[in-house]
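The letter at position 187 of the sequence shown is residue 320 when you use my numbering, and the numbering goes up by one with no holes. Quick reminder that beta carbons are idealized off the backbone N, C-alpha and C, glycines included. Since this is a predicted model, take the numbers as computed values, not measurements.
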Amino acid sequence: MGLLVLLLGAIPASAAQTLVIYPFAVAGTVPADLGTQLSDKIAADMRALGGIQVVRGAATVKPADYRASARAAGADFYFTGSITLVFNRYSAIEQVVSTRTGTVVWSVPLQFSTLADLNGEGARIRTEMMRGEPTPAPGVAADGASLVTPTPMSGFAILPVTGSATDADRTYAVKAIVDTLRQRGFNVVTVTRPTSGAIDPSVDGVEACTQTKARTLIAGALDTTRVATGASPQTTAHIALRTYDCRVHVLDSQATVVNHIAPVAEDAIRGAIQDAVSAFPAPS
Numbered sequence: 134m135g136l137l138v139l140l141l142g143a144i145p146a147s148a149a150q151t152l153v154i155y156p157f158a159v160a161g162t163v164p165a166d167l168g169t170q171l172s173d174k175i176a177a178d179m180r181a182l183g184g185i186q187v188v189r190g191a192a193t194v195k196p197a198d199y200r201a202s203a204r205a206a207g208a209d210f211y212f213t214g215s216i217t218l219v220f221n222r223y224s225a226i227e228q229v230v231s232t233r234t235g236t237v238v239w240s241v242p243l244q245f246s247t248l249a250d251l252n253g254e255g256a257r258i259r260t261e262m263m264r265g266e267p268t269p270a271p272g273v274a275a276d277g278a279s280l281v282t283p284t285p286m287s288g289f290a291i292l293p294v295t296g297s298a299t300d301a302d303r304t305y306a307v308k309a310i311v312d313t314l315r316q317r318g319f320n321v322v323t324v325t326r327p328t329s330g331a332i333d334p335s336v337d338g339v340e341a342c343t344q345t346k347a348r349t350l351i352a353g354a355l356d357t358t359r360v361a362t363g364a365s366p367q368t369t370a371h372i373a374l375r376t377y378d379c380r381v382h383v384l385d386s387q388a389t390v391v392n393h394i395a396p397v398a399e400d401a402i403r404g405a406i407q408d409a410v411s412a413f414p415a416p417s
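Written out as structure tokens, the structure reads:
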């Protein structure tokens with residue numbers, strides 16, 4: 134599935150909007166300072182253009198605390214994103230999140246080789262914030278826990294991962310999907326079945342959507358292979374993710390499939406999931 138530009142609803146305009154910009158999270162072999170460099174570049178561009186009060190978010194703030202910290206600073210929105218390396222180019226997702234509701238109001242994926250490729254990105258974000266078109270009714274952020282009485286939301290609901298991998302690896306894969314999406318600022322919950330057995334989105338999708346009130350379900354299948362190569366073993370994680378659109382009740386016919394190899398199984402699983410998640414669109 135190709136990368137598409139996704140507008141998750143226009144950002145409501147108001148006088149002197151305040152935006153907290155946090156450093157981009159980085160994963161894998163991405164240089165540790167690239168996330169800060171990119172967020173600094175965007176912040177500087179927006180300050181130079183004016184019209185938006187830009188506040189730099191502290192690098193010490195954890196993603197789970199972004200919203201609370203931005204609200205404490207009096208901000209209307211906060212900006213966050215993440216960067217991964219896909220082949221020889223960087224793949225990033227950036228988003229603007231409402232501090233009032235916790236919902237993602239604007240998000241786009243990016244691909245770049247150097248920061249110079251993203252000249253004008255701050256201007257694009259500023260333009261979106263200055264448009265002032267009506268905003269869709271917001272969802273309420275969920276807490277990411279297993280569902281009993283779910284909270285209305287507009288993000289993702291993660292189904293139990295299937296596949297030939299061990300129970301421990303599949304459980305870790307669910308956690309990795311949740312963590313990866315949360316790092317991108319999305320609302321996420323997990324779906325569990327009271328009794329044993331898989332949840333098939335083609336059969337159980339309507340029920341899962343009704344329970345979670347999510348816009349998108351994610352169904353995954355994980356296979357892992359451990360091979361002794363040289364002095365240390367290597368694990369290949371093969372993840373296939375499919376999305377189910379709760380608005381039209383359609384299961385994506387084509388899975389996003391990624392392989393990732395690492396000495397540690399959990400690193401291979403997380404790397405595969407991060408690459409896969411970066412390749413499919415966010416819920417609108």
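Within 10 angstroms of the beta-carbon of V339 lie fewer than 16 other beta-carbons, which makes it exposed. Put simply, of I394, Y199, K308 the residue whose alpha carbon is nearest the alpha carbon of F210 is Y199. In the DSSP assignment, E227 forms a beta bridge with G214, V241.
By the Cβ rule, the stretch 301 to 318 counts as touching the stretch 203 to 223, because three or more pairs are nearer than 8 Å. Closest by C-alpha distance to A160, out of L218, A181, Y377, V230, is L218. A straight-line Cα-Cα distance of about 6 Å links V238 and V229. Boundaries for V187: no alpha helix (DSSP H) harbours it, while the beta strand (DSSP E) harbouring it runs 186 to 189, taken from the DSSP string. Only residues of its own chain outside the window of five on either side were considered, and among them P366, T368 have a CB closer than 6 Å to the CB of R359, listed in chain order.
Here I351 is near I291, since their CB atoms are less than 7 Å apart.
Distance from the CA of A192 to the CA of D173, rounded to the nearest whole angstrom, comes to 11 Å. A298 is a Cβ neighbour of L355, given a cutoff of 7 Å. Following the DSSP letters along the chain, one finds D378 inside the beta strand (DSSP E) bounded by residues 365 to 378. Annotation: the continuous beta strand (DSSP E) that includes I394 extends over 389 to 395.
Comparing alpha-carbon positions, the option among A201, A225, S224 lying closest to S231 turns out to be A201. Beta-bridge partners assigned by DSSP to I154: R189, F212.
For I406, no beta strand (DSSP E) segment is defined; the enclosing uninterrupted segment is the alpha helix (DSSP H) at 398 to 410. Per the DSSP secondary-structure output, A347 pairs with nothing in a beta bridge. R348 and T236 have their C-alpha atoms roughly 12 Å apart.
Secondary-structure assignment with DSSP links R359 through a beta bridge to T368. In the same chain as A203, and ignoring 5 residues on each side of it, the C-beta atoms closer than 6 Å to its own belong to V153, Y211, T232, in chain order. When C-alpha distances from R264 are compared across I185, K346, S224, the shortest belongs to I185.
With a beta-carbon spacing of about 11 Å, T295 and V307 fall beyond the 8 Å limit used to define contacts. Of the candidates E399, A331, A361, A177, A177 places its Cα closest to the Cα of G255. By alpha-carbon distance to I226, the top candidate from L314, T234, G207 is L314. If you compare the alpha carbons of T234, A395, Y223 with that of A208, the shortest gap goes to T234.
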